[in-house]
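Novice: Residue numbers (our numbering), protein chains in the order written: chain A, 25 to 480; chain B, 61 to 487; chain C, 1467 to 1650.
Glycine included, every Cβ here is placed at the ideal spot set by N, Cα and C.
Quick caveat: nothing in here was measured; it's all calculated off a predicted structure.
A single structure is presented below for examination.
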Amino acid sequence: MSQAFRLPFRIWASLTIRDRLGLLALVMIPGVLGGAFVTAIGIAVLGPSVLDFLAANLPLVRFFVAATAILLLTVPTAFVLIYLELKVIARMNLRVGPNRVGPLGAAMSVIHGLKVLSKEDFSPSGVDVTVFTLAPVVTFLASVMTLLVIPFAPGIYGQDFNIGLLYFFAMGGLTVLGLLMAGWSSFNKYSLLGGLRSAAQIVSYEIPLTLSVVGVIILTNTMSLNGIVAAQSGSIFDWFVFKQPLAALIFFIAATAEANRTPFDMTEADSEIVAGFATEYSGMRFGFFFFAEYVNVFIVSALCATLFFGGWTAPFNWPWPATLNGFDPYSLGVLGWTAIVLVLIVGGTEVLAPLIRLAGGRSWDMSSTIWMAFAVTIVIGLGALGALGFVAFGWLRGLVWFMAKTYFFVITFVWMRATLPRIRVDQLMGFAWKWLLPASLLNLFVTATAVIILNR
Amino acid sequence: MPTRPSAPRRPNARATSRAERPAPEPVASADDPRIMLDRQLGTLYEPIPPYPTRTEREGEFYSLGDGEMFLNLGPHHPATHGVLRLVLKLSGEQIVDVDPVLGYLHRGVEKICENSDYYHVIDQVDPLEYISSLFQEWPAVLAFEKLMDVQVPRRAEYIRVLSGELLRIASHTLFMGFLALDLGGLTPILYSFIERDEIVEMLAALTGARMLFNYYRIGGVNGDLNHEFMSRLGDWMSRAGKQAEANTALINENEIFVRRTRGAGVLDRATALRFGVTGGNLRASGVPFDLRRAHPYSVYPELEFNIPTRDEGDSLARYLIRVDEIRESIRIIDQCLNNMPDGPIMAKLPRLLRPRPGRAWGAVEGPRGMQGVYAISDGTDQPFRFRIHDPSFVNLQTVPALLPGNLLADTMATVASLDPVMGGIDK
Amino acid sequence: MDRTLKTRLEARLGGHLRAPVYQRHDETEIRIDPGSVPEVLQTLHDTLDLRFEILADLAGVDTGEVMQVVYHLWSPMTTDWLRIVVDGISRDDPRVPSATFLWTGAEWLEREAYDMFGIVFEGNRDLRRIFMPPDYTSFPLRKDFLLPDDAARSPGAGVRHVEKPHVTVPPAEPATAIRRAPVS
Chain A
25 MSQAFRLPFR IWASLTIRDR LGLLALVMIP GVLGGAFVTA IGIAVLGPSV
75 LDFLAANLPL VRFFVAATAI LLLTVPTAFV LIYLELKVIA RMNLRVGPNR
125 VGPLGAAMSV IHGLKVLSKE DFSPSGVDVT VFTLAPVVTF LASVMTLLVI
175 PFAPGIYGQD FNIGLLYFFA MGGLTVLGLL MAGWSSFNKY SLLGGLRSAA
225 QIVSYEIPLT LSVVGVIILT NTMSLNGIVA AQSGSIFDWF VFKQPLAALI
275 FFIAATAEAN RTPFDMTEAD SEIVAGFATE YSGMRFGFFF FAEYVNVFIV
325 SALCATLFFG GWTAPFNWPW PATLNGFDPY SLGVLGWTAI VLVLIVGGTE
375 VLAPLIRLAG GRSWDMSSTI WMAFAVTIVI GLGALGALGF VAFGWLRGLV
425 WFMAKTYFFV ITFVWMRATL PRIRVDQLMG FAWKWLLPAS LLNLFVTATA
475 VIILNR
Chain B
61 MPTRPSAPRR PNARATSRAE RPAPEPVASA DDPRIMLDRQ LGTLYEPIPP
111 YPTRTEREGE FYSLGDGEMF LNLGPHHPAT HGVLRLVLKL SGEQIVDVDP
161 VLGYLHRGVE KICENSDYYH VIDQVDPLEY ISSLFQEWPA VLAFEKLMDV
211 QVPRRAEYIR VLSGELLRIA SHTLFMGFLA LDLGGLTPIL YSFIERDEIV
261 EMLAALTGAR MLFNYYRIGG VNGDLNHEFM SRLGDWMSRA GKQAEANTAL
311 INENEIFVRR TRGAGVLDRA TALRFGVTGG NLRASGVPFD LRRAHPYSVY
361 PELEFNIPTR DEGDSLARYL IRVDEIRESI RIIDQCLNNM PDGPIMAKLP
411 RLLRPRPGRA WGAVEGPRGM QGVYAISDGT DQPFRFRIHD PSFVNLQTVP
461 ALLPGNLLAD TMATVASLDP VMGGIDK
Chain C
1467 MDRTLKTRLE ARLGGHLRAP VYQRHDETEI RIDPGSVPEV LQTLHDTLDL
1517 RFEILADLAG VDTGEVMQVV YHLWSPMTTD WLRIVVDGIS RDDPRVPSAT
1567 FLWTGAEWLE REAYDMFGIV FEGNRDLRRI FMPPDYTSFP LRKDFLLPDD
1617 AARSPGAGVR HVEKPHVTVP PAEPATAIRR APVS
């Protein structure tokens, strides 16, 4: 520690907790007040011009908001997927899974995340440090950037490129780079084997993946994912899974291989090459790989749902009323709806807690009663609110359907992991090149011929 | 505001400055960049022995050809069935040669047994193949009974056969689970453990222990059948057949599993005989050699059962043989229960056992092959030489002959299908 | 107990046997010299009325005076186990011809006998230690092996007692009592 810090540190070390808090408050309160004052002046002076600029470039604002939202939402998504996988595989193995941390073990992923963050950050000797550090970043980013084009609901999407699908596959292909970097830079033969296996696998399965999707592109004449979803709106029989069943099957299989999931998880076969390319990674670097894998699972499920199962469209068109007895749900605005939700939760908890205590929770302590009231409020209140929203907001309907379909595929992936053993590397590659590639070419040929014939 | 006196301070570790603390000792570390050169680093982690090679085979193995590399499937590995170190010479993903390195679990059981008396030997010999420990006790007890000319009562023999066959089923079920786990299937291992748990609880009711039973005695067994054991056994027998079918169907009918194991690690008949392989591995290569029929011991001559044999010799055949053996074991248990004679369970023996000087060999058919014991007695109450012949030891010896030419992924399938248990291999 | 086996063995191996064929329970035992090992094993393996094709076990024995190698063989032509005791191997320079020319599986069994006793099998391509570390100097199953002495000679300089101060024992002559077997 340099000399300059010695005396202040001595003083700090000699204070009690109360003294320290007092000192902090003493220092921070003027700081906060001053900062607030300066911010207020800044907003007053510069605010209008900034707002004008933003209003003039609304798409830019929209893009930044979307990108931030996507980055922020990948981690909770990964958390949910990790927890889901642990629980579902456990139930299929006739076990219970995590059930201690949080209600039904739901806080397990959070704890995993915190644990992974708090580990020592080291790299083994002999690694190529730059490449070693960047590999997880590249893998994670390559997965996350693809979320930009997926339409979650009518109006909720990042960007609507007219080459959206091409962008998707281009970004998805960057994961190969990340895995190769990881395998090569770890000074470890296991990682090398895993990295090379993964590169070979992903590259071979990308071809049937993209070719199977070309059939869909031919049918809809556009690569924009919004356009593809719009082409499937209508009824369930407009979904492309009925018009392109072979392509859907090939896509599903190739997507499993792209996401490195069992039965194609040779790259991380933990009974042979310990953890494949990620053997020498620990702590948050491994956390990145881990999250990237689960986000990848979410992404391929989302894409499967979007391309072949209608995305956010409902299977049948229910005649939802346009307005609810003249009440326009958008009139309340974001603040209004937030206020309603908060009042509902807090009020419901406060009303229900004494009722529960009276009804027989006398043996419970205070916090359990409050938790119970909270849970009941959430279930009933938010359920009712959700139903109201479902009827009122089209985007909420679309989002719910999209999430339902995506999670259906996620559960299928998890199911496959619990049930199937691994395929050997050469069998994997043989399958891709000898079966999936000809099948996807066949599908393409048939689709093109059919389109030409039917358009005559 | 008035302050209360602060609590007595514990000496702060950072209170002493670095100059006042003793300097840390210099440690030679592989991570210290000042002392490592690149070329040293390149060979630091290679599994090449640090001395000049001494034998012909060692020299042949540790010299690399063009494009080959060593990969160390080290003692710490998720799937090597214990602490086994396999040094693989790979050319890409294809295995060129294998050198298994043993001894990580060597406990000196033979030496310990030379210093224990005859009862203690039975307890010492249990943890050899801990999964099926009655089959480690059995040949020892057979050899000692030959040394002492002891006649075992028939009821004791039937109880031995009954508990042995139950343990054989438990061991085979566990083998199936581990084979599936090594190939990537997460679920069958848990179903195997459910099966095994039922059997092991049964045997706990009979013997008092769940894993290292210490049940057989010279001249009989330690405890008679009791009510809890019989009720659990009856319960289990009523479900056993169907449950075995269901558990094996999970793996048999899985296309991926079959394709991974078919044709992997083919052991042909001549090679198997030359290596001295016994047990299910030999029968999967076409040789119908089962010690219960070839050299019958105990009451096996009176029992009716078949010896499943297959010709292919690949991992799938070894797996299917064990599935068939489970069925045969259920038949044997059925017959034991029906024909169980009455009588004593232990022959009359003096408390201090001093056999006449002599030599005896006893061998039984364990789940992995022929388990044998060669005992020499010198007239004292401790065996003079207690030699244990373990089937997994010879089974594992075939690995350098089976693996070359296959891919790295087949290592797991082949080694798992041979069903080695390192406790027995390393003694 | 197979009496016909005794006559067959005496007929085929007459000159090599150093003691009468001994039979007890279901075991038949013959004794030979170390030099006769390849011939005897080959004869037992190939002769059509003997056909001892399965090598069941290969063990080393230290009787205190001499060393022995004991083979156990199985044949479909007889109900007995055959035990071949190769007697008279000197304890100072134990050498026996290897059985790997006939059974490849004998390689590891001989490695184990070498590791535990120091018996050198001539003809074994891979005679190195199998259980003990490759730079280990003693042979554990010998009768003159005493663990504290061995530990004292090792780089660790003795067995450490957790409650007493560590005293380095100077390497002593291994003159502790050798347990001699009255059985030859």
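Based on the DSSP output, what are the partners of M129(B) in its beta bridges?
Specialist: As a working note, residue 129(B) is residue 69 in the second sequence. DSSP lists L150(B) as partners of M129(B).
Novice: Taking Cβ to Cβ, would you say A302(A) is nearer than 9 Å to S355(A)?
Specialist: Here the question's residue 302(A) lines up with position 278 in the first sequence. Here the question's residue 355(A) lines up with position 331 in the first sequence. No.
Novice: Counting only the same chain and skipping the five closest in sequence on each side, list residues whose C-beta sits under 6 Å from that of A456(A).
Specialist: Here residue 456(A) refers to the residue found at position 432 of the first sequence. Around A456(A): S228 and Y229.
Novice: Whose CA, out of R428(B), E153(B), R353(B) and L412(B), lies closest to the CA of G465(B)?
Specialist: For the purposes of this step, residue 465(B) is taken as the residue at position 405 of the second sequence. For G465(B), the nearest C-alpha among the options comes from E153(B).
Novice: Closer than 8 Å by beta-carbon distance: list the chain A residues that pair up with M129(B), in chain order.
Specialist: Here residue 129(B) refers to the residue found at position 69 when the second sequence is read from its first residue. Simply K213.
Novice: For the stretch 244 to 264 of chain B, which residues have a CB atom closer than 8 Å to at least one CB atom of chain A, in sequence order?
Specialist: Per Cβ criterion, the list reads G244, G245, L246, T247, L250, Y251 and I254.
Novice: Residues of the stretch 438 to 455 of chain A with a CB closer than 9 Å to any CB of chain B: list them in chain order, please.
Specialist: Result list: R441, A442, T443, L444, P445, R446, I447, R448, V449, D450 and Q451.
Novice: Using a Cβ cut-off of 9 Å, which residues of the stretch 348 to 370 of chain B contact any Cβ in chain A, in chain order?
Specialist: Against chain A - using a Cβ distance shorter than 9 Å - the stretch 348 to 370 of chain B contributes no residues.
Novice: Measuring CA to CA, which of T40(A), W459(A) and G188(A) is closest to I277(A)?
Specialist: Counting from 1 along the first sequence, the entry for residue 277(A) is found at position 253. When only C-alpha atoms are compared, the closest one is W459(A).
Novice: Taking the runs of the beta strand (DSSP E) that are 3 residues or longer, which of them lie wholly in the stretch 1534 to 1600 of chain C?
Specialist: Within the stretch 1534 to 1600 of chain C, the complete beta strand (DSSP E) runs of at least 3 residues are 1547 to 1555, 1561 to 1563 and 1586 to 1588.
Novice: Helix, strand or coil for D98(B)? Go by DSSP, reduced to three states.
Specialist: As a first step, residue 98(B) is located in the second sequence; it is residue number 38 there, counting from the start. For D98(B), the pLDDT reaches just 49, beneath the cut-off of 50, and the residue's location in the model is therefore unreliable, leaving the point undetermined.
Novice: Residues in the same chain with beta-carbon distance under 6 Å from Y122(B), minus the five sequence neighbours each way, listed in chain order, please.
Specialist: Position 62 of the second sequence, counted from the first residue, corresponds to residue 122(B). Taken in chain order, the residues that qualify are I108 and T113.
Novice: Hey, would you say Y164(B) sits closer than 9 Å to R220(B), going by beta carbons?
Specialist: As a first step, residue 164(B) must be located in the second sequence, where it is residue number 104. As a first step, residue 220(B) must be located in the second sequence, where it is residue number 160. Taking 9 Å as the Cβ cut-off, Y164(B) and R220(B) do not qualify as a contacting pair.
Novice: Check whether the stretch 361 to 371 of chain B touches the stretch 335 to 347 of chain B, taking contact to mean three or more Cβ pairs, one atom from each stretch, closer than 8 Å.
Specialist: Touching, yes, given that three or more Cβ pairs across the two stretches are closer than 8 Å.
Novice: Compute the Euclidean distance between the alpha carbons of E1578(C) and L162(B), then round it to the nearest angstrom.
Specialist: Against the third sequence, residue 1578(C) aligns to sequence position 112. Against the second sequence, residue 162(B) aligns to sequence position 102. Roughly 11 Å between the two C-alpha positions.
Novice: List the endpoints of the continuous beta strand (DSSP E) containing I1496(C).
Specialist: Stepping through the third sequence from its first residue, residue 1496(C) is reached at position 30. E1493 to I1498 is the extent of the beta strand (DSSP E) around I1496(C).
Novice: Do we get a CB-CB distance below 9 Å when we pair E1519(C) with the residues of chain B?
Specialist: Counting from one through the third sequence, the residue named residue 1519(C) turns up at place 53. E1519(C) counts as touching chain B.
Novice: Give the secondary structure of D1523(C) by DSSP, where H, G and I count as helix, E and B as strand, and everything else as coil.
Specialist: Here residue 1523(C) refers to the residue found at position 57 of the third sequence. If DSSP states are grouped into helix, strand and coil, D1523(C) belongs with the strands.
Novice: Going along the chain, which unbroken runs of the beta strand (DSSP E) with 3 or more residues stay wholly within the stretch 329 to 376 of chain A?
Specialist: Those beta strand (DSSP E) runs which fall completely within the stretch 329 to 376 of chain A and span 3+ residues do not exist here.
Novice: Could you have a look at F446(B) and say whether DSSP puts it in helix, strand or coil?
Specialist: Here the question's residue 446(B) lines up with position 386 in the second sequence. In the structure shown, F446(B) sits in a strand (DSSP, three-state: E or B).
Novice: Can you tell which of T154(A), Y191(A) and P127(A) has the C-alpha that lies nearest to the C-alpha of M396(A)?
Specialist: One-based indexing of the first sequence puts residue 396(A) at position 372. When each option's Cα is compared against that of M396(A), the closest is P127(A).
Novice: Can you tell me which residues form a DSSP beta bridge with G418(B)?
Specialist: Residue numbering aside, residue 418(B) sits at position 358 when the second sequence is read from its first letter. Answer by DSSP bridge pairing, in chain order: S437(B).
Novice: Is any heavy atom in the ligand COA found nearer than 8 Å to the beta carbon of P1504(C)?
Specialist: Absence of the ligand COA is noted for the structure shown, with no ligands found whatsoever.
Novice: Starting from Q1489(C) and walking both ways along the beta strand (DSSP E), at which residues does that stretch end?
Specialist: The residue given as residue 1489(C) occupies position 23 in the third sequence. Taken as a continuous stretch (DSSP letters only), the beta strand (DSSP E) holding Q1489(C) covers Y1488 to R1490.
Novice: Closer than 9 Å by beta-carbon distance: list the chain A residues that pair up with L493(B), in chain order.
Specialist: For residue 493(B) there is no data in the structure shown, the boundaries of chain B being 61 and 487.
Novice: Taking Cβ-Cβ distances shorter than 9 Å, what residues in chain D pair up with Y434(B)?
Specialist: The structure shown contains no chain D; its protein chains are A, B and C.
Novice: Does the contact criterion of 3 or more C-beta pairs under 8 Å hold for the stretch 394 to 408 of chain B versus the stretch 1486 to 1505 of chain C?
Specialist: They do not touch, by the three-pair rule.
Novice: According to DSSP, which residues form a beta bridge with G432(B)?
Specialist: As a position in the second sequence, residue 432(B) is number 372, starting the count at 1. DSSP lists A423(B) and H449(B) as partners of G432(B).
Novice: Hey, would you say L227(B) sits closer than 9 Å to S252(B), going by beta carbons?
Specialist: In the second sequence, residue 227(B) corresponds to position 167, counting from 1. In the second sequence, residue 252(B) corresponds to position 192, counting from 1. The answer is no: Cβ separation not under 9 Å.
Novice: Should K139(A) be labelled buried (16 or more other beta-carbon atoms within 10 Å of its own) or exposed?
Specialist: The residue you call residue 139(A) lines up with position 115 of the first sequence. By the 10 Å Cβ count, K139(A) comes out exposed.
Novice: Which residues does DSSP pair with Y276(B) in a beta bridge?
Specialist: Locating residue 276(B) in the second sequence gives position 216, counting from the first residue. According to DSSP, which records beta bridges pairwise, Y276(B) is partnered with V281(B).
Novice: Quick one: does S250(A) have its CB under 9 Å from some CB of chain B?
Specialist: Translated into the one-based positions of the first sequence, residue 250(A) becomes position 226. Strictly speaking, residue 250(A) in this sequence is Asn, with Ser absent from that position. Not one chain B Cβ lies under 9 Å of N250(A).
Novice: Let me check understanding here. Comparing Cα to Cα, which of V212(B), E106(B), D159(B) and K206(B) lies closest to P401(B)?
Specialist: Your numbering for residue 401(B) matches position 341 in the second sequence. Here the closest residue by C-alpha is V212(B).
Novice: Which residues in chain C have a C-beta closer than 7 Å to the C-beta of F50(B)? List them in chain order.
Specialist: Past the boundaries of the shown model lies residue 50(B); chain B is included only from 61 to 487, so the question cannot be answered.
Novice: Quick one: list the residues of chain C neighbouring F335(B), beta-carbon separation under 8 Å, in chain order.
Specialist: Translated into positions along the second sequence, residue 335(B) becomes position 275. W1569, T1570 and G1571, listed in chain order.
Novice: For R99(B), I'd like the list of residues in its chain whose CB is within less than 7 Å of its CB, leaving aside the five on either flank, ordered along the chain.
Specialist: In the second sequence, residue 99(B) corresponds to position 39, counting from 1. Low local confidence applies: a pLDDT of 48 at R99(B) is under 50, so the model's placement there is unreliable, with the coordinate-based value given in what follows. So the list is empty, once near-sequence residues are dropped.
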